[in-house]
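Data block below; observations after.
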Amino acid sequence: MIEYFMNKKKIYKSYIKYYEANSVNLDYIDDIFNEKEWNYLNLQNGPKRSIEAKKSLYFGKKSNYGVFGIGLDEIKMYPC
Numbered sequence: 001m002i003e004y005f006m007n008k009k010k011i012y013k014s015y016i017k018y019y020e021a022n023s024v025n026l027d028y029i030d031d032i033f034n035e036k037e038w039n040y041l042n043l044q045n046g047p048k049r050s051i052e053a054k055k056s057l058y059f060g061k062k063s064n065y066g067v068f069g070i071g072l073d074e075i076k077m078y079p080c
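According to UniProt numbering, the sequence shown is numbered sequentially starting from 1.
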């Protein structure tokens with residue numbers, strides 16, 4: 001899977017390996033989403049689409065914070 005994100009005027013591309021996406025424990029990552037992200041996730045139709053959206057959002061945040069050298073523990077302490 002390829003995710004794109006923008007920081008100021010630069011566009012970055014991150015690659016996510018499918019085996020990593022399948023190994024995500026969705027119960028563990030719920031803490032990193034803020035209210036706006038939860039509103040987006042709650043709009044998804046059906047459980048399969050909701051799971052895909054949650055994984056995509058998780059890996060997007062993980063890759064964004066990876067650029068800045070911030071780990072998942074810091075994301076949980078200071079959500080966006």
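Beta carbons: idealized from backbone N, C-alpha and C, even for Gly. Just so you know, these numbers come straight off a predicted model, no measurement behind them.
Task: Environment of V67 [buried if 16+ CB atoms lie within 10 Å] - done: For the purposes of this step, residue 67 is taken as residue 67 along the sequence shown, with counting starting at 1. Its Cβ having fewer than 16 others within 10 Å, V67 is exposed.
- [ ] Indicate the three-state DSSP secondary structure (helix, strand or coil) for I11 in the structure shown.
- [x] Sequence index remark: in the sequence shown, residue 11 carries index 11 (1-based). Strand, per DSSP.
TODO: Could you work out which residue in Y28, E52, V24, L57 is closest to K36 when comparing CA atoms only?
DONE: Here residue 36 refers to the residue found at position 36 when the sequence shown is read from its first residue. Answer by Cα proximity: L57.
Open item on the list: Quick check on DSSP: helix, strand or coil for I70?
Closed with: Residue 70 sits at position 70 when you count from the first residue of the sequence shown. Secondary structure at I70: coil, using DSSP grouped into helix, strand and coil.
- [ ] Go ahead and pull the three-state DSSP assignment for S63.
- [x] For this step, residue 63 is matched to residue 63 along the sequence shown. It is helical.
Task: L41 beta carbon less than 8 Å from that of K54 - done: Position 54 of the sequence shown, counted from the first residue, corresponds to residue 54. Position 41 of the sequence shown, counted from the first residue, corresponds to residue 41. Cβ atoms of K54 and L41: closer than 8 Å.
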